[in-house]
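In the numbering used here, the protein residues as written are 32 to 182. Don't be surprised by glycine CBs; every beta carbon is placed ideally from N, CA and C. Keep in mind that this is a model prediction, so the values were computed, not measured.
Printed below as a string of structure tokens:
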């Protein structure tokens with residue numbers, strides 16, 4: 032992460048906290064069959080270092096349970112590590128569950144091995160933002176915070 036990107040992300044985190052009275056909160060999970068626990072924790076640490084409150088969620092294939100946890104923890108975003116096109120259906124199901132809790136305002140951030148042809152399908156399924164596998168967390172944080180601040 033570049034120093035300028037990190038500083039901008041931290042400034043936006045501070046601005047959000049001043050505006051909302053709390054830190055931005057993100058729940059991070061992995062949708063793969065074999066959870067990449069180490070990657071999820073590393074990503075969570077990077078977001079925490081930028082000023083986010085971070086919830087690490089074990090891998091789950093239960094959209095209702097994930098949506099319920101996101102609602103109970105009052106997160107602003109759920110970050111999924113994307114591994115296959117099978118996850119497109121999962122994204123639409125979790126968006127459906129969030130809507131059933133009247134929390135369609137919780138953003139869905141996707142990071143990982145997304146094929147170009149899958150971007151539009153993920154957006155239609157309800158993904159708010161999509162980041163390529165090698166995207167910097169600071170860039171992702173900046174983009175997500177800008178969306179939150181524009182609401």
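Query	Result
8 Å Cβ cutoff met for residue 39 and residue 173	yes
Three-way DSSP call (helix, strand, coil) for residue 177 in this model	helix
Neighbourhood of residue 56 by C-beta distance below 6 Å, restricted to the same chain and skipping five residues each side	84, 106 and 107
Cα-Cα separation, residue 152 to residue 97	21 Å
Proximity winner among 177, 144 and 80, relative to residue 61 (alpha-carbon distances)	144
Residues near residue 157 in its chain [Cβ-Cβ closer than 7 Å; skip 5 each side]	122, 123, 126 and 139
The ligand ATP heavy atom lying under 7 Å from the CB of residue 70	The ligand ATP is not part of this structure, which contains no ligands at all.
Beta strand (DSSP E) runs contained entirely in the region 143–178, provided each spans 3 or more residues	160–163
Of the listed residues 80, 130, 180 and 89, nearest to residue 69 (C-alpha basis)	89
Coarse secondary structure for residue 137, derived from DSSP in three states	coil
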